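Here the structure comes first, spelled out in structure tokens, and everything after it is commentary.
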Amino acid sequence: MISFAQLHETAILHKGGEDNVNALLPSCKTPAQLKKQKDAYYLENMSLRIFRAGLKHEMVDNKWPAFLTAFKKFDPFYCAMLSDEDIEQLLANPGIIRHLGKIKSVRDNAAFVRQVAGEHKSFGHWLADWPADDLVELWQLLKKHGTQLGGMSGAYFLRMVGKDTFLLTRDVVAVLIAQGVITKNPTAKKELTQVQKAFSTWQQESGRPFCEISRIVAMTVLG
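Listed below in structure tokens is the structure:
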């Protein structure tokens, strides 16, 4: 497998200099910062990711103030207690996106957030304490216990809230295949474990967070 130093050199070449590469790098929160965030912050971003899926982000973002009002700023206790009648009223709200499955996911995920928070002080504590060398298992738990957090939605949610993670974008997957880490788009646990090992190796070599490594890997692909 190619070294991270080689990947970095290629990214610099493609982007016309190290400063240009650095300007495109994402950032992540420290464990302490993750722990300081309220549970509502995580439920809101979880919901934002779900409502954005398949839609133009700008359109969803423009409606988001109405969502904050409708869901009481995504207070997990309030959202978990929504009745079926409350859901029907939300479906009649012209200010939000009236998608039954996505609206119900807020209630389901509020219960999930509350359960995790009850077991780990807060949802942020749970994320902050999750080991970096087993991120794909965190993805799987979000998929299993959350609602509409399968595919890459769980990973994108983590990126949104600042939990360090890599993303399996089309370009990243192409590099992993070219390097023989996987043979196709990874979905099975065995394939995802191989991906985790590759990123952990690059992290040990570089000392960088996964989010930076992931973006740099993607920059090595032209087009």
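Each residue of the sequence shown is one higher than the one before, starting from 5 at the first, in this note's numbering. Backbone N, C-alpha and C define an ideal beta-carbon position, used for all residues, glycine too. Note that this is a predicted model, so its numbers are computed, not measured.
Helix, strand or coil at residue 201 according to DSSP, with G and I counted as helix: For the purposes of this step, residue 201 is identified with residue 197 of the sequence shown, where counting begins at 1. In the three-state scheme derived from DSSP, where H, G and I count as helix and E and B as strand, residue 201 is classed as helix.
Report yes if the CB atom of residue 100 is closer than 8 Å to the CB atom of residue 67, and no otherwise. The residue you call residue 100 lines up with position 96 of the sequence shown. The residue you call residue 67 lines up with position 63 of the sequence shown. Yes.
Assuming residue 161 and residue 215 make a contact with CB atoms under 8 Å, what is their CB distance in whole Å? For this step, residue 161 is matched to residue 157 along the sequence shown. For this step, residue 215 is matched to residue 211 along the sequence shown. Rounded to whole angstroms, the Cβ separation of residue 161 and residue 215 is 13 Å, and the two are not in contact under 8 Å.
Tell whether a beta-carbon distance below 8 Å holds between residue 186 and residue 195. Locating residue 186 in the sequence shown gives position 182, where the first residue counts as 1. Locating residue 195 in the sequence shown gives position 191, where the first residue counts as 1. Yes, these two residues count as a Cβ contact at 8 Å.
Could you check the C-alpha separation between residue 213 and residue 207 for me, to the nearest Å? On the sequence shown, residue 213 is found 209 positions in, with the first residue counted as 1. On the sequence shown, residue 207 is found 203 positions in, with the first residue counted as 1. Each residue's Cα considered, the two are about 7 Å apart.
Specify, as a first and last residue, the run of the alpha helix (DSSP H) that residue 50 falls within. For the purposes of this step, residue 50 is identified with residue 46 of the sequence shown, where counting begins at 1. Secondary structure note for residue 50: its alpha helix (DSSP H) is the uninterrupted segment 43-56.
Nearest-angstrom Cβ-Cβ length linking residue 49 and residue 165, presumed shorter than 8 Å: As a first step, residue 49 is located in the sequence shown; it is residue number 45 there, counting from the start. As a first step, residue 165 is located in the sequence shown; it is residue number 161 there, counting from the start. That pair is a contact at about 5 Å.
Find the nearest neighbour of residue 56 within the set 193, 156, 168 and 116, judged by alpha-carbon distance. Locating residue 56 in the sequence shown gives position 52, where the first residue counts as 1. When 193, 156, 168 and 116 are compared, the shortest CA-CA separation from residue 56 is found for 156.
Would you grab the beta carbon distance between residue 153 and residue 147 for me? Rounded to a whole angstrom, and I think it's under 8 Å. Within the sequence shown, numbered from 1, the residue matching residue 153 stands at position 149. Within the sequence shown, numbered from 1, the residue matching residue 147 stands at position 143. The beta-carbon separation of residue 153 and residue 147, rounded to 6 Å, stays under the 8 Å limit for a contact.
Could you pull out every residue in the same chain whose Cβ sits closer than 7 Å to the Cβ of residue 210, ignoring the five residues on either side in sequence? Residue 210 sits at position 206 when you count from the first residue of the sequence shown. The beta carbon of residue 210 sits closer than 7 Å to those of 8 and 217, all from its chain and outside the five residues before and after it, given in chain order.
Going by beta carbon distance, what residues of the same chain come within less than 7 Å of residue 47, once the five residues before and after it are set aside? As a working note, residue 47 is residue 43 in the sequence shown. Taking residue 47 as the centre and dropping the five residues before and after it, the same chain places the C-beta of 78, 80, 83, 113, 114 and 117 closer than 7 Å to its C-beta, in chain order.
Are the beta-carbon atoms of residue 43 and residue 121 separated by less than 8 Å? Residue 43 sits at position 39 when you count from the first residue of the sequence shown. Residue 121 sits at position 117 when you count from the first residue of the sequence shown. Yes.
Nearest-angstrom Cβ-Cβ length linking residue 178 and residue 225, presumed shorter than 8 Å: By one-based count along the sequence shown, residue 178 stands at place 174. By one-based count along the sequence shown, residue 225 stands at place 221. Indeed they touch by this definition, with Cβ atoms about 6 Å apart.
Output the distance between the C-alpha atoms of residue 97 and residue 25, rounded to the nearest integer angstrom. Here the question's residue 97 lines up with position 93 in the sequence shown. Here the question's residue 25 lines up with position 21 in the sequence shown. Each residue's Cα considered, the two are about 44 Å apart.
CA-CA distance, residue 294 and residue 133? No answer is possible for residue 294: it lies beyond the span of the chain, which begins at 5 and ends at 227.
Here's a check: name, in chain order, each residue in its chain whose Cβ is nearer than 6 Å to the Cβ of residue 128, leaving out the five neighbours to either side. On the sequence shown, position 124 is the one that residue 128 refers to. Result list for residue 128: 38, 39 and 41, in chain order.
CA nearest to the CA of residue 191, picked from 150, 143, 167 and 222: If you number the sequence shown from 1, residue 191 lands on position 187. Of the candidates 150, 143, 167 and 222, the residue whose Cα lies closest to the Cα of residue 191 is 143.
Please classify residue 223: is it buried, with 16 or more other beta-carbons within 10 angstroms of its beta-carbon, or exposed? Translated into the one-based positions of the sequence shown, residue 223 becomes position 219. Buried is the label assigned to residue 223, since at least 16 other Cβ atoms lie within 10 Å of its Cβ.
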